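Beneath this line is the structure, given in structure tokens, with notes to follow.
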Amino acid sequence: MKNLKVIVTIYATIVASSLFGQTLSSNDKTVKVDEFPEYIIINCDNVSPVLGKSIRIVIQAKNSEFEKPLKDLQDLLEDNKYLKISNQTDLLNAMSRLGFDYLDAFLQNPRADSSFSRTGFVFRKKEKYRN
């Protein structure tokens, strides 16, 4: 009986999330794809592996009307316990699962003499989540 209750709860959660849009949550943070702008630029760099972390992720959100959900998204993407993003491929796959399509990427400091590189990834909401 207890297993049936767990199965029903999981099923209800899956159905609810598919009806009300994609959500992602970890600890006290929850993000919903409908709270985001249509386009998101996520910057990531290759310095963090030197520091013993996964890639460093930065989403410019200051003074944006979407500041809180974008900051929550950045926290979730950097929280290695939940998504386990350790490289750019993991980032692309996580954003796809969340409800975004990859559009483009660009280097932000293409100086050849620099050991630091930052790449900006452009994502757009999947068509079914757009307003």
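Numbers 6 to 136, taken from the working numbering, label the letters of the sequence shown in order.
Don't be surprised by glycine CBs; every beta carbon is placed ideally from N, CA and C.
Quick caveat, the model's predicted, so the values are computed rather than measured.
Selected residue, minimal CA-CA separation from residue i, among the options
i: Leu112; options: Asn98, Ile46, Arg102; result: Ile46
i: Asn51; options: Gly104, Leu81, Arg129, Leu96; result: Leu96
i: Ala110; options: Asn68, Gln93, Leu103; result: Gln93
i: Val127; options: Glu40, Asp106, Tyr134; result: Asp106
Inter-residue CB distance, residue i and residue j (contact presumed, cutoff 8 Å)
i: Ser91; j: Ile60; result: 7 Å
i: Ala99; j: Leu88; result: 5 Å
i: Val63; j: Asn48; result: 4 Å
Length of the line joining the Cα atoms of residue i and residue j
i: Glu70; j: Lys131; result: 20 Å
i: Asn136; j: Glu43; result: 8 Å
i: Glu83; j: Asp77; result: 10 Å
i: Gln65; j: Leu75; result: 8 Å
i: Asp80; j: Lys73; result: 11 Å
i: Ser122; j: Lys67; result: 22 Å
i: Arg129; j: Phe41; result: 10 Å
i: Asp39; j: Tyr134; result: 7 Å
i: Gly104; j: Thr124; result: 21 Å
For residue i, the residue or residues it bridges with in DSSP
i: Asp50; result: Arg61, Arg123
i: Leu75; result: Per DSSP, none; premise fails for Leu75.
i: Leu112; result: Thr124
i: Ile45; result: Phe128
i: Asp84; result: In DSSP, Asp84 forms no bridge with anything.
i: Tyr107; result: Phe128
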